[in-house]
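Asker: Numbered by UniProt numbering, the letters in the sequence shown go through residues 1 to 580 in order.
Note that beta-carbon positions come from the ideal geometry of N, C-alpha and C, so glycine has one too.
In this text the structure is predicted, and so the values were computed from the model without any measurement.
Okay, here's the structure, questions in a sec.
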Amino acid sequence: AAGMPAAASAPVAAAAPRQLLKNLDFRKGPNGEGRVVVDLPNSQVAVDVRQQGNKILVDFMKTGLPEALRRRLDVTDFGTPVSQVTTVAQGDGVHMTIEANGLWEQSVYQSESQLVVDVKPIKEDPNKLTQGTQGYRGEKLSFNFQNVDVRAALQAIADISGLNIITSDSVSGSLTLRLKEVPWDQALDVVLQAKGLDMRKNGNVLWIAPKEEMLAKEKLELEQRAQIADLEPLRSEIFQLNYQKVEAFRTVFGLDASGASQANAPGRVLSKRGSAVIDPRTNQLFVTDIASKLEDIRKLIAKTDVASKQVLIEARLVEASDSFSRNLGAKLGFADLRTLRGGDTGYSINGGNTRVAIGGNLTGIGQVTGQTPDTGDGYTNSTIVNLPAASIGTIPPTTLAFSLFSAAANRFLNLELSALEADGKGKIISSPRVVTADKMPAIIEQGIELPYQVATSSGATSITFKKANLRMEVTPQITPDGNVVLDVEVNKDSKGDETRAGFAINSQHVKTNVMVENGGTVVLGGIYQQSEHDTETKVPLFGDLPVVGHLFKTTGRSNDKTELLVFITPKIVTERAPAR
Numbered sequence: 001a002a003g004m005p006a007a008a009s010a011p012v013a014a015a016a017p018r019q020l021l022k023n024l025d026f027r028k029g030p031n032g033e034g035r036v037v038v039d040l041p042n043s044q045v046a047v048d049v050r051q052q053g054n055k056i057l058v059d060f061m062k063t064g065l066p067e068a069l070r071r072r073l074d075v076t077d078f079g080t081p082v083s084q085v086t087t088v089a090q091g092d093g094v095h096m097t098i099e100a101n102g103l104w105e106q107s108v109y110q111s112e113s114q115l116v117v118d119v120k121p122i123k124e125d126p127n128k129l130t131q132g133t134q135g136y137r138g139e140k141l142s143f144n145f146q147n148v149d150v151r152a153a154l155q156a157i158a159d160i161s162g163l164n165i166i167t168s169d170s171v172s173g174s175l176t177l178r179l180k181e182v183p184w185d186q187a188l189d190v191v192l193q194a195k196g197l198d199m200r201k202n203g204n205v206l207w208i209a210p211k212e213e214m215l216a217k218e219k220l221e222l223e224q225r226a227q228i229a230d231l232e233p234l235r236s237e238i239f240q241l242n243y244q245k246v247e248a249f250r251t252v253f254g255l256d257a258s259g260a261s262q263a264n265a266p267g268r269v270l271s272k273r274g275s276a277v278i279d280p281r282t283n284q285l286f287v288t289d290i291a292s293k294l295e296d297i298r299k300l301i302a303k304t305d306v307a308s309k310q311v312l313i314e315a316r317l318v319e320a321s322d323s324f325s326r327n328l329g330a331k332l333g334f335a336d337l338r339t340l341r342g343g344d345t346g347y348s349i350n351g352g353n354t355r356v357a358i359g360g361n362l363t364g365i366g367q368v369t370g371q372t373p374d375t376g377d378g379y380t381n382s383t384i385v386n387l388p389a390a391s392i393g394t395i396p397p398t399t400l401a402f403s404l405f406s407a408a409a410n411r412f413l414n415l416e417l418s419a420l421e422a423d424g425k426g427k428i429i430s431s432p433r434v435v436t437a438d439k440m441p442a443i444i445e446q447g448i449e450l451p452y453q454v455a456t457s458s459g460a461t462s463i464t465f466k467k468a469n470l471r472m473e474v475t476p477q478i479t480p481d482g483n484v485v486l487d488v489e490v491n492k493d494s495k496g497d498e499t500r501a502g503f504a505i506n507s508q509h510v511k512t513n514v515m516v517e518n519g520g521t522v523v524l525g526g527i528y529q530q531s532e533h534d535t536e537t538k539v540p541l542f543g544d545l546p547v548v549g550h551l552f553k554t555t556g557r558s559n560d561k562t563e564l565l566v567f568i569t570p571k572i573v574t575e576r577a578p579a580r
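Right, here's the structure in full:
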């Protein structure tokens, strides 16, 4: 092919230093094309591109190559027609060789200082006159035929295209044709459509005949092949399966549940004389059929008997808690022990003989005033207000007591203050992980079984167990573009409070279907809970007094926060190369 200059060459003085290529990169295009991207030092660099066999040669004039870009890129794994890109310094320029495989076509374009070479794959159609993706590409011609014979028109097209054309004897008639600057392959299609003809291409030879004749000939060939298959000798072959189970081929071979072969079974790939036997113990297939069918089965097994990709699924359950509690309370008491330690009992009302006594309760007052018999320690029961701070869990509150009494130690005013505060933070991380094959469910769980009493129909009781587990069940599906679809269910159960029937179970559960990129992490869901409680117990009226009212009441305050987040990360397990 002729050289294709991608940019004009600018005059450069001989003594001027050479400019260097900035970067070289390879990418896969959206349609499967291989794309070589070269960053030039400027837009004036002269570039020559030409095709030589299965290679594309690119020369950059008067340009240097940095040491970091002197390399060979093996890009076979990208799945494009390009297999290698080699860049070397050559003379006063740079020489690049792009090696490609299969059928392909190239396109080169330059935008500012960036040169792009696209190598596009071509899907071959054996009946297409010119292979490519750009439609008609033949050499352009102009015809002006008046009532010309069809054979003569086809011969004129053959002379221009260089193809060998064989015309059936049944091709006849004439036509009027006027074409101007039309590709020769398009002109041929116009002639065929106008006269109801069709063609078959074999290498550089075209066979042209009426469509009915061509279809009849192909039908006859198929019937002859079927007759040959009926007479072709049978062969037997054993196929060893490595990954698939032989039971999966039961339908393919038309076998019923007993293993008998059914000649007319739908989906059967064997010929009507073929038979097959499956051996689940050795995972082998025993097939008897003609050679062509055995080859088809061999190709089928090669495509289907492959190892399934595996996925590592890791879940992370992060549970954070923050709790705060504060309880305040007081005990207020008064004792009058003048009857025990001297002095008049009680207090005088209006200076008369009537007196009043104050105590914690009727029993205490009775003991103080001598109305009830002495009961030892009963004399110290002088509490008027008994509202201490409540315990938090099993921890009792801290107390501080005061006592104000007379010089004779026969009258007392007692005060006890109690307070307790608790502040707690916690974080629990659970991380189950499991590896499973593509589209195969996997389960992993860990936990305990809690006993429960259950009444039977006879009235007796029996013990049963219920699981409180961390459990993950997941089924991955790898998509063609490398993402992972997960059907996942996560349970996090824990032992709760004890009841008469047994322990309660605290349950946290999420079930969803989500798509995640390979190696990416997604939050499946979360639960946030906040519980606030303010309690106050007081003596009416007295508890509402400013300042001193705190001696006649107890207060409690709690604020608990919990948050649960569930993360999941799938990773496709990379296939390892076999050991040598």
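Among residues of its own chain, excluding the 5 on either side of residue 389, which ones have a beta-carbon nearer than 7 Å to its beta-carbon?
Answerer: 327, 328, 329, 397, 418, 419, 420, 554
Asker: Per DSSP, which residues does residue 331 bridge with? Please list them.
Answerer: Answer by DSSP bridge pairing, in chain order: 386, 416.
Asker: Among 181, 543, 196, 515, which one has its Cα closest to the Cα of residue 570?
Answerer: 515
Asker: Should the region 455 to 467 be called in touch with the region 427 to 437, which here means at least 3 C-beta pairs below 8 Å?
Answerer: Judged by Cβ distances under 8 Å, the region 455 to 467 makes no contact with the region 427 to 437, as fewer than three pairs qualify.
Asker: Between residue 310 and residue 117, what straight-line distance do the alpha-carbon atoms span, to the nearest angstrom?
Answerer: 37 Å
Asker: Would you identify the three-state DSSP class for residue 103, choosing helix, strand or coil?
Answerer: coil
Asker: What number of angstroms, rounded off, separates the C-alpha of residue 164 from the C-alpha of residue 182?
Answerer: Between residue 164 and residue 182, the C-alpha separation is close to 20 Å.
Asker: Can you check whether the CB of residue 562 is closer than 8 Å to the CB of residue 529?
Answerer: yes
Asker: Can you tell me where the beta strand (DSSP E) with residue 515 in it begins and where it stops?
Answerer: 503 to 517
Asker: Following the continuous alpha helix (DSSP H) through residue 301, name the residue where it begins and the one where it ends.
Answerer: 291 to 304
Asker: If you follow the alpha helix (DSSP H) that residue 228 is in, where does it begin and where does it stop?
Answerer: 211 to 231
Asker: Specify the secondary structure class of residue 542 as computed by DSSP and reduced to three states.
Answerer: helix
Asker: Taking all protein chains shown into account, do 16 or more other C-beta atoms lie within 10 angstroms of the C-beta of residue 449, making it buried, or fewer, making it exposed?
Answerer: exposed
Asker: When burial is assigned at 16 or more other CB atoms within 10 Å of the CB, is residue 23 buried or exposed?
Answerer: exposed
Asker: Could you pull out every residue in the same chain whose Cβ sits closer than 7 Å to the Cβ of residue 479, ignoring the five residues on either side in sequence?
Answerer: 485.
Asker: Would you kindly work out how many angstroms separate the C-alpha atoms of residue 133 and residue 122, rounded to a whole number?
Answerer: Only weak support is given to the placement of residue 133: the predicted model assigns it a pLDDT of 46, under 50, and the value that follows is read from those uncertain coordinates. Rounded to whole angstroms, residue 133 to residue 122 spans 7 Å at the Cα level.
Asker: From the DSSP output, read off the bridge partner residues of residue 464.
Answerer: 452
Asker: Just to confirm, is the Cβ distance from residue 278 to residue 250 under 8 Å?
Answerer: Contact flag set, yes.
Asker: Verify whether the separation of the beta carbon atoms of residue 653 and residue 87 is less than 8 Å.
Answerer: Beyond the ends of the chain as shown, which are 1 and 580, falls residue 653; an answer cannot be given.
Asker: Hey, residue 413 and residue 334: beta-carbon distance below 8 Å or not?
Answerer: yes
Asker: Determine contact between the region 217 to 224 and the region 267 to 276, defined as no fewer than three beta-carbon pairs at a distance below 8 Å.
Answerer: no
Asker: With a 10 Å radius around its C-beta and 16 neighbouring C-beta atoms as the bar for buried, classify residue 153 as buried or exposed.
Answerer: buried
Asker: Provide the residue span of the alpha helix (DSSP H) that contains residue 161, from first to last.
Answerer: 150 to 161
Asker: Can you tell me which residues form a DSSP beta bridge with residue 322?
Answerer: Partner(s): 425, 561.
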